[in-house]
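Protein chains in written order, with the numbering used here: chain A, 1 to 64; chain B, 1001 to 1248; chain C, 2001 to 2224; chain D, 3001 to 3205.
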């Protein structure tokens, strides 16, 4: 085992800023990308729904 | 003959959309699992380096991110080439879907490289061949995305992006070679991250597991993005209308 | 009609057009001079420092100037319909594209080469280094026109085309910059510059063989 | 003989036309009609080979135009929206260069004759930027006289022309057809080509 205590683990032998800075930013970026992907999907769905609705209205009009 | 038919079936956006939807959770799951194992190895099994102390633990994300950022660019170029050769829309969409994830990983590689450089070399940024190439790769990703964003017509955007991706991938080895040449000539940093003095097998294992995790994540993210792109592009088609109806 | 004849007619036309628009050529040349002259003002007049960075500065300025002139390569032909007519000639596109790139180099690359020694003197480069500078530009600037043509062709008619071209093309210029400036450095430090120059020559041959095909594909994509 | 088979055109996300067929024989005129945005220009560009059809194929003498590119382009002349006239060159230089670039051997007298025929004899050496829009279009049209192409593809050749030029261009097209040429054109004006009943291709239908 490398670490005798949690505080030692978080201390990272004095390099906490660098190590945790790297891991934290990576985690934030990945979380951010996942959020962006979600919102992209929502936007695409909304756009598709609008398009389908619009084409239905047009179909109904032409049928009438 | 049946093979050929199957290939066509899966290259149709409608089929692929459904297939990708089923695969995404598995890839995210695999990524999470591998990430946990990888992090356990990198923080608890890999011993503290006697020279670099614990700062070296950054390489467990730096190296996988660098590997994957380069690999994704190549995969992107392959999709682009397939698109140009066989005129399959899905290939172009895959190429565009990969770019943001690739750019993000390139940025991770640069960021962690800087944070590793500070305690190791005493400077946030060193013009080391690896970091410089990574920076140029970042520019190539940005150029690809900026070009696609500037073109309104999807057909032209697909093809123009594909061409610049191919031009980029032909140039990458030349750029990498020239940067290394320049670096050795100017007697820059001669320390290489992967040649850490006591490169224990456990460290390599940690890096490999983390690389696999990043790989799985990249697949999941790009599949998820390509689904949104398909939906946007195909919103006028019959199958999207049907899909939305069953969904609601 | 033979291929050389087509290229010859095209060169004749491009040079005539450039002569009638001398202002454009001179603008790029002055840009080159001004950028290079800004560096000493930025870093101070220490002759040692200037001599050390002279080759690199002239090369960076040449890169920027070459990029600035890329807009002219296809944009006006695209706007007035000449490009469509060129595509519709029986001549293979690669032929006239090569002609256009050569014309671009003659109009915007050659003046830079001729001006470079003057700038080199400003930075206190030695006689040897000046010769190497000119020779490296002679090998390198055609590559800038060749690679730049791909960017120019892809961004035809796009909003913000100029900035976009720089984003696409500058990363691809890096090897030329490294070997070009490295050759001058080698001459200054006495390490020799043959290796740099032969690599630059290799890049030129490779670019000359490959880029016209890429430009041809890019133009097809943009014209559609 | 020019033939379009089962053509479809998609621009952006819109399908402009699909399942379009046409056939053009020697001496025939095909008039492409349709509302704005119905794809007239796209069809003409497709026939030239500038635009790849989304679906279908275009045949020249029974061969796909992509496979006989060089001979097809040698026998075809295209007149598009933009007149392909360089502002910094004179009318004479414009015509001279464009012919020679297209591989057409011409001497000075022929060039002058062609420009004179279209009523530009007095402004041969004026830079094109001092010519009017209609005059520039005439410079571009004068190429048709020298190109000796069998197939003319003309996109709105009659716009921005005065009455006299209008008559002239129409009679030029007529002559071309009587000599066994073919023409494909779009126009907003009612085109009256003497002695020819055009085939009509309506894209709005």
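Each residue gets a CB set at the ideal place from its N, CA and C atoms; glycine is no exception.
The C-beta of residue 52 of chain A comes closer than 8 Å to at least one C-beta of chain B.
Rounded to whole angstroms, the separation of the alpha carbons of residue 2152 of chain C and residue 2029 of chain C is 19 Å. Using a CB distance cut-off of 8 Å, residue 2154 of chain C counts as an interface residue toward chain B. With a threshold of 8 Å between beta carbons, residue 1154 of chain B makes contact with chain D. No Cβ of chain A is located within less than 8 Å of the beta carbon of residue 1149 of chain B. Chain A has a Cβ within less than 8 Å of the Cβ of residue 1119 of chain B. Among the CB atoms of chain C, one or more fall inside 8 Å of the CB of residue 3070 of chain D. Scanning chain C for C-beta atoms nearer than 9 Å to the C-beta of residue 3132 of chain D yields nothing, as the closest lies near 16 Å away. Collapsing the DSSP output to three states places residue 1145 of chain B in a helix. For the options C:2183, C:2171, C:2065 and C:2212, the alpha carbon positioned closest to that of residue 2056 of chain C is the one of C:2183. With the criterion set as a beta carbon lying under 8 Å from some beta carbon of chain D, the members of the region 2077-2095 of chain C are 2079, 2080, 2081, 2082, 2084, 2085, 2086, 2087, 2088, 2089, 2090, 2091 and 2092, in sequence order. Residue 2006 of chain C and residue 54 of chain A have their alpha carbons spaced roughly 53 Å apart. In the three-state scheme derived from DSSP, where H, G and I count as helix and E and B as strand, residue 1232 of chain B is classed as helix. Excluding sequence positions up to five before and after residue 3042 of chain D, its CB lies within less than 7 Å of the CB of 3009, 3011, 3016 and 3051, all in the same chain and listed in chain order. Per DSSP, residue 2105 of chain C is not a residue of any alpha helix (DSSP H), being assigned neither H nor E. Sixteen is the threshold: since fewer than 16 other Cβ atoms of the shown chains lie within 10 Å of the Cβ of residue 1245 of chain B, the residue is exposed.
Cβ-Cβ separation between residue 3056 of chain D and residue 3005 of chain D: approximately 5 Å, consistent with a contact (criterion under 8 Å). The beta-carbon separation of residue 3140 of chain D and residue 3115 of chain D, rounded to 11 Å, does not stay under the 8 Å limit for a contact. Under the Cβ distance rule, residue 2098 of chain C does not count among the residues neighbouring chain D, no pair being separated by less than 8 Å.
Residue 1040 of chain B sits exposed, since fewer than 16 C-beta atoms from the chains shown fall within 10 Å of its C-beta.
Sequence-distant partners of residue 3164 of chain D (beyond 5 residues in either direction) whose C-beta falls short of 8 Å from its own C-beta, in its chain, are 3119. Taking the CA atoms as reference points, residue 2068 of chain C sits about 37 Å from residue 3153 of chain D.
Note on residue 2188 of chain C: 16 or more other CB atoms within 10 angstroms of its CB, so buried under the neighbour-count rule. Taken through DSSP and simplified to helix, strand or coil, residue 3064 of chain D comes out as strand. Assigned with DSSP and collapsed to three states, residue 3078 of chain D falls in strand. Cβ-Cβ distances below 6 Å link residue 2059 of chain C to 2177, 2180 and 2181 in the same chain, with the five nearest sequence neighbours on each side left out; the list follows chain order.
Inclusion of residue 1077 of chain B and residue 1169 of chain B in the CB contact set at 8 Å is warranted, their separation being smaller than that value. In the DSSP assignment, residue 3010 of chain D falls within the beta strand (DSSP E) that extends over 3002-3011. Taking 8 Å as the CB threshold, residue 1236 of chain B lines the interface with chain D. A distance below 8 Å separates the beta carbons of residue 2175 of chain C and residue 1175 of chain B.
Check the Cα spacing between residue 3151 of chain D and each of D:3183, D:3194 and D:3071: the tightest is with D:3183. Contact with chain B is absent for residue 24 of chain A, since none of that chain's Cβ atoms lies less than 8 Å from the residue's Cβ. Residue range 3029-3033 is occupied by the beta strand (DSSP E) that includes residue 3033 of chain D. Using a Cβ-Cβ distance cut-off of 8 Å, the region 2154-2162 of chain C and the region 2061-2079 of chain C are in contact, since at least three pairs of beta carbons, one from each stretch, lie closer than that value. Residue 3087 of chain D is not bridged by DSSP to any residue.
Interface flag for residue 2021 of chain C against chain D is set, since a Cβ pair is found closer than 8 Å.
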